[in-house]
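Working notes, structure below.
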Amino acid sequence: MELTTVWFLLIAVLWTGYFVLEGFDFGVGVLLPVLGRDEAERGTLVRAIGPVWDGNEVWLLVAGGATFAAFPEWYATLFSGFYLPLFLILLALIVRGVALEYRSKSDSTRGWDRAFFWGSLGPAFLWGVAFANIVRGVPLDAAHEYTGGLLTLLNPYALLGGLATLALFTLHGAVFTALKTTGELRDRARTAARWTGLSALVLGGAFLLVTQFMTGTPGTWVSVAAAAAGIAGALVATLRGRDGWAFAANAAAIVAVTVTLFGGLWPDVMPALDPANSLTVHNAASTPYTLGVMTWVAAIFTPVVLAYQAWTYWVFRRRLTVTR
Amino acid sequence: MDVLDLSRWQFGITTVYHFLFVPLTIGLSVLVAGFQTAWHRTGDAAYLRMTKFWGRLFLINFAMGVVTGIVQEFQFGMNWSAYSRFVGDVFGAPLAMEGLMAFFLESTFLGLWIFGWDKLPKRVHLATIWLAAIGTNISAYFILAANSWMQHPVGYRLNPTTGRAELTDIWAVLTNSTTLAAFPHVIFGAFVTAGAFVIGVSAWQLARKRETDLFRKSARAALVVTLAASAGVALSGHWQAQIMTQQQPMKMAAAEALWEDETSAGFSIFAVGDVENGRNHINIQIPYGLSLLSTNTLDGKVEGINDIQARYEKTYGPGDYRPVVGLAYWSFRLMIGFGALAGLLALAGLWLTRRGRLPAGPWFYRAAVFGIGLPFLANTLGWIFTEMGRQPWTVFGMMRTAAAVSPGSDVGEVATTLVGFTVVYAVLAVIEVRLLLKFIRKGPEPQDAVHEDGPALPALSY
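Chains as they are written, first to last, in the numbering used here: chain A, 9 to 332; chain B, 114 to 575.
Below, the structure is given as structure tokens:
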């Protein structure tokens, strides 16, 4: 396999890891006002993601760093082009992170809970907008510089993508909460999983079908079907009270969505409206030497990271009970 | 202001702000790990209470370092896309390695440390804080390797077709002499920062005669660390300056306001310069000082600004290759001054607390509280010096800062993000300092509230 292919796959894996992991902690933030009726419940919800959210977010930083190292042109075009949406995502992640760490140490949690909610909802929506635009293609000039504006990015397809990821991550947060809590909180999370599951099925289904007809290959039909089956499976498992299966099914759905997006993208990494200006795995990539070095680094350290992150989830595997 | 100015201000503000938290994180993570180890070894409950007290302040600071670090990872692409395209092949590698080897380590194991008090065996729990501390130090190494490449590019070739830098030797980049000198300088500086913080906070408590045993232990440990680290800062700084004299003579000349090539050059203490005409009105010097420091000989030759400018015009073509001399001169001097004061404070503190003593009058306590600020000033001025002193280059000798900025951005966008980040950062700074003060005033948890294996203290949990 060519190294550029390896790195395209690795970056897809990093984004998938990011969406599967931070997806549920975004979802918990979005559902906080709905599920947490009092301070003790809201505290329990935050505690459910407390030990892991920061590690989850590192997947984003590594995806960014890996893109810089392996596809510098992609990194440069994407982040200078999607300037204001990325700025909003960064601001959201800043206030969200501080909210998660400071809420229990402050005298009042109200403001922090609001920051956690908006800081989760914003990126959950905006990542969908960003990825929809990447897949759809944006105006680039011959030097691969983005020539559109903010409004170019807010097209109907991209907004649908935003709603789809928002619904999907919210569902992910609901099934995660159902898996990690007991009693009333769990019951409420399961109810939330039902309506967010239906929204995810409708919005995600519409988004994936449009994507499939726009950029899909015969292969991505499989991932589209898998995504739909995953969301439906999460719904069915929730109804049957199988929280673990519900979470696993929805995680699989998120994997399938990312596969669909990256599958539609390949071999481009950032298609331009004028195909001659598109960034591809070849013209955006670093030299074979750099890719080779980074492949060794990734091959050694990715399994180590996966092992200790998995161990963290094992250590904190127990359900949390609301204590008043 | 144009896009270039705004982008430079944004990078300066966000990076200096980020680096207020980073050194405290690096130093304090090791001190907290040290206190927990002392508890583990001795079983003395005072060390457990110290671990929890300083650990909580560490976490308040750590959160700010993490969230402001996210901006660092992305702003090269946002505001400096031309730079990112030019250097990505080389510069991206250490950044990606930092994420994979350091960020995962520190964030995952810190999560385990915070929430794992009652879930992990004692020994394993101790290991988690050490792994997090190691992660913060590894992180510093990779980001300094990336920065050092901008100061002194090695291990690359310039591709004539694409006009871009390409990595040819990763080992050369990771063992760049500039990195090898910068890393100990930054790490020792981080220990001085954390040390001065612990000394200052302890002094505040000791002046009020609260928890004297616990805070005397904390202060003594921090005083030793600060003094040793100050010596390390000075030695590594000297090494760095010698390397800089060879690699970036213009930066060194600006730092000394040395206008002409000189043998037996003096070390300037105070100068008033005339940048226009390239000379000094007033210059008070230590004779032979600069030659001795830079070349280890009394009559060594040190290059001056005007002569380097003439040489660079021959090499790189017409242009102004001088950084802002006044800024380089004063930031360099004040960095050394503030750093030295922190070291002297630690020396005085060690003497005053010798053999079970505590200072009687209020003066040392007051000085120690103000002393918390000294390393922060020195760190900030040091980075302003090293980055501003490299100008007009962003990658020395290869790419000018003016050519590095994103060609597509417009003033409105960059102004929006500049104002947005600055306002949010300012608000968070106020919140962070108030939170630190709240928990400093509150002091350590009472003895009987600290259980070895019981549930985590509320303040350390969520």
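Glycine included, each C-beta is placed from N, C-alpha and C at the ideal position.
On the CB-based measure, 16 or more other CB atoms within 10 Å of its CB, does residue i come out buried or exposed?
i      : result
D118/B : exposed
V135/B : buried
P571/B : For P571/B, the pLDDT reaches just 41, beneath the cut-off of 50, and the residue's location in the model is therefore unreliable, although a value from the coordinates is still provided. Exposed, by the Cβ-count rule.
R323/B : exposed
Y321/A : exposed
G170/A : buried
D566/B : Confidence at D566/B is low in this model, with a pLDDT of 47, below 50, so its placement is unreliable and no value can be given for it.
W61/A  : buried
K330/B : buried
A444/B : A small correction: the amino acid at residue 444/B is Ser; Ala does not occupy that position in the sequence shown. By the neighbour-count rule (16 or more Cβ atoms within 10 Å), S444/B is buried.
T274/B : exposed
W372/B : buried
Y575/B : Residue confidence for Y575/B is low, a pLDDT of 38 falling below 50, so the modelled location carries little weight; the figure read from the coordinates is stated next. Its Cβ being crowded by 16 or more others within 10 Å, Y575/B is buried.
T410/B : exposed
Do residue j and residue i have their beta-carbon atoms positioned less than 7 angstroms apart in this structure?
i      : j      : result
I139/B : T249/B : yes
A166/A : A182/A : no
A119/A : T173/A : At residue 119/A the sequence reads Gly, which differs from the Ala that was named. Cβ atoms of G119/A and T173/A: not closer than 7 angstroms.
T376/B : M365/B : no
R55/A  : T190/A : no
T493/B : V200/B : no
Q149/B : L280/B : no
I312/B : A334/B : no
F328/B : S315/B : yes
G72/A  : F187/B : yes
V346/B : F301/B : yes
T303/A : W23/A  : no
If we cut at 7 angstroms on Cβ distances, does residue i have a partner in chain A?
i      : result
S315/B : no
T530/B : yes
G125/B : no
D202/B : yes
W167/B : no
D566/B : For D566/B, the predicted model reports a pLDDT of 47, less than 50, meaning its position is unreliable; a value from the coordinates is still stated below. Cβ-Cβ to chain A under 7 angstroms: no for D566/B.
F310/B : no
G486/B : no
M512/B : no
E558/B : no
F217/B : yes
L570/B : Any reading at L570/B is ruled out, since the residue's pLDDT is 43, under 50, leaving its predicted position unreliable.
E369/B : no
L119/B : no
G268/B : no
F72/B  : Given that chain B is displayed from residue 114 to residue 575, the structure contains no residue 72/B and the question cannot be resolved.
M114/B : no
S220/B : yes
M263/B : no
F255/B : no
F228/B : yes
Between residue i and chain B, is any beta-carbon pair separated by less than 7 angstroms?
i      : result
T298/A : yes
Y26/A  : no
G72/A  : yes
E81/A  : yes
F87/A  : yes
I308/A : no
A77/A  : yes
T271/A : The question names Thr, but residue 271/A in the sequence shown is Gly. Chain B, which has no Cβ nearer than 7 angstroms to the Cβ of G271/A, makes this no.
L101/A : yes
A20/A  : no
K188/A : no
Give me whichever residues DSSP pairs with residue i in a beta bridge.
i      : result
I173/B : I173/B pairs with nothing; no bridge assigned.
K414/B : T376/B
G386/B : N393/B
D276/A : T288/A
I399/B : F380/B
T189/A : L328/A
V508/B : M512/B
L148/A : Y154/A
**Asked** When you check each C-beta in the segment 36-64 of chain A against every C-beta of chain B, which residues fall closer than 7 angstroms?
**Response** G51, V54, R55, G58, P59, V60, D62 and G63
**Request:** May I ask you to list, following chain order, the residues of the segment 179-200 of chain B that have a beta carbon less than 9 angstroms from some beta carbon of chain A?
**Result:** V179, V180, T181, G182, I183, V184, E186, F187, Q188, F189, G190, M191, N192, W193, S194, A195, Y196, S197, R198, F199 and V200
**Request:** Check each residue of the segment 232-251 of chain B: if its Cβ is closer than 8 angstroms to any Cβ of chain A, include it; give the result in chain order.
**Result:** K232 and L233
**Message:** Closer than 7 angstroms between beta carbons: that is the criterion. Which residues of the segment 513-528 of chain B meet it against chain A?
**Reply:** So the close ones are S519, P520, G521, S522 and E526.
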